[in-house]
Every structure is written in C-alpha cells, then in structure tokens.
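Count along the sequence shown starting at 1, add 145, and that's the number in this note's numbering.
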Amino acid sequence: VNLPREYSALEWDMRKAVKEKIGRGRVEVNVSITAEKFGLKEEYAASSVKYLKKAAKKYGISPNISIRDILLISGIMKTADAKKAAPLAGKAVKAALEGTLKMRQAEGKNLKADLEKRLNILSENVSWMENQHKPSIDAYMDRIKRRVSAATGEDSDTARYEREIIRYIEGSSFTEELV
146 VNLPREYSAL EWDMRKAVKE KIGRGRVEVN VSITAEKFGL KEEYAASSVK
196 YLKKAAKKYG ISPNISIRDI LLISGIMKTA DAKKAAPLAG KAVKAALEGT
246 LKMRQAEGKN LKADLEKRLN ILSENVSWME NQHKPSIDAY MDRIKRRVSA
296 ATGEDSDTAR YEREIIRYIE GSSFTEELV
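Put into structure tokens, the structure is as follows:
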C-alpha cells in the first residue's frame, strides 16, 4: 500500500483490508489524495525560503529562488485533512478490492471452461488412440504368426510370437505421448 506521507497512519488499516480480501497473489495499492482547495503552507514556505537564502549565502550559491524551487520542497502544499480523507480513501480501496475480486472470479470461470474444453479434447484423443492401438496389435500378431510359420514351417511356437509381440508393443506404445 502506497500512500502520501501525510496519510501513513491509514496504511495498516488498508493493508489489513487487502489481506482479508486477497488471499494469494501480489496486489499493489496506490492511493493519492488531493484537496479540493490547495495552496502553499505560508509559514513553512517563508521559513524554507529564509533557510535557502541563508544556505546560498553560506555556500556561495546564487540566492535566486523560483516558485518551482519552492514547490519542489516536500510537504509545502496544503493537502486534504487526513481525518476527512480516511473514510473516503477506505471506501475507495474497498471498492477497488471488490472490483478486483469480481474480475478474478470472472477470469477463474473462463479458465475453468477453457481447461474443461481442453480436457475433453484430450480425453477424446486418448479414446481414439486406444481404439486404434488394439486392432494394430492384433494385425501385427497375425502378421508375425504368418511370417514365423512361413519361415519355420511351424505353427506352434507361441513363446516366439509373444517375444515378438512384446517387442512390437514396447516400440509402439503411445503412453509417452500422453504424459
């Protein structure tokens, strides 16, 4: 939570509100408070100018001071009353947090729908691959039996068929592609 220095007393309440609403993730809150009427803090400006002129004389620097120089002095401008601004700032942060939560919920629903769609597609593809795999194993087994029978003239060497089929299955498994 980033607040103007004059309102640093509000920081802990705002941090607490953010932590209560946002359980995880990183959230940055920048609060700026402006007064309806603004102006210089006259006494502070006068003493600052006096000090700057004294320092300029002491260090041999030109004593020409412009309004720009004065406005660059931290805290020189009148700001909104912190007691009046606190409830408004609290309401603004609360509204921003509620908007953030609504946005997160909507994004979560969209992500869920997208993931479910993708899971359905994957499930369909796995089913298709499983259906394609079994007939190819059966066809390969028949082909092996024919080749072995043609080469040896024997039909009964089941152990050899099984070894060849195991080699084929190991080489044609699509499990790796699913992971």
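All C-beta atoms in this analysis are idealised placements derived from N, C-alpha and C, irrespective of residue type, glycine included.
What number of angstroms, rounded off, separates the C-alpha of residue i from the C-alpha of residue j?
{"i": "N270", "j": "R263", "result": "11 Å"}
{"i": "E187", "j": "S211", "result": "15 Å"}
{"i": "E165", "j": "A201", "result": "51 Å"}
{"i": "R169", "j": "R150", "result": "27 Å"}
{"i": "M274", "j": "E252", "result": "33 Å"}
{"i": "Y189", "j": "I221", "result": "7 Å"}
{"i": "L260", "j": "E309", "result": "40 Å"}
{"i": "D214", "j": "L155", "result": "30 Å"}
{"i": "Y196", "j": "A162", "result": "42 Å"}
{"i": "G316", "j": "S281", "result": "13 Å"}
{"i": "K247", "j": "L217", "result": "40 Å"}
{"i": "M159", "j": "Q250", "result": "22 Å"}
{"i": "R312", "j": "G244", "result": "59 Å"}
{"i": "S294", "j": "E307", "result": "14 Å"}
{"i": "A191", "j": "V172", "result": "41 Å"}
{"i": "N326", "j": "R288", "result": "Residue 326 falls outside the range modelled here, since the chain spans only 146 to 324, and no answer is possible."}
{"i": "G235", "j": "K223", "result": "21 Å"}
{"i": "G184", "j": "K254", "result": "49 Å"}
{"i": "Y204", "j": "K198", "result": "10 Å"}
{"i": "A230", "j": "S177", "result": "10 Å"}
{"i": "V146", "j": "W157", "result": "9 Å"}
{"i": "L148", "j": "K257", "result": "36 Å"}
{"i": "S268", "j": "G298", "result": "44 Å"}
{"i": "S272", "j": "I314", "result": "18 Å"}
{"i": "D283", "j": "R291", "result": "13 Å"}
With DSSP as the reference, please indicate the residues paired to residue i in a beta bridge.
{"i": "N175", "result": "N147"}
{"i": "M222", "result": "L185"}
Give the single residue among the options whose Cα lies nearest to the Cα of residue i.
{"i": "P232", "options": "Y152, V146 and N147", "result": "Y152"}
{"i": "S193", "options": "R292, S219 and N265", "result": "S219"}
Measuring only between beta-carbons, confirm whether residue i sits less than 7 Å from chain D.
{"i": "N147", "result": "Here chain D cannot be found, since the structure has a single protein chain."}
Please determine if the segment 200-210 and the segment 236-247 are in contact, where contact requires at least 3 C-beta pairs separated by less than 8 Å.
Touching, no, given that fewer than three Cβ pairs across the two stretches are closer than 8 Å.
What are the complete alpha helix (DSSP H) segments, minimum 4 residues, inside the segment 211-292?
212-216
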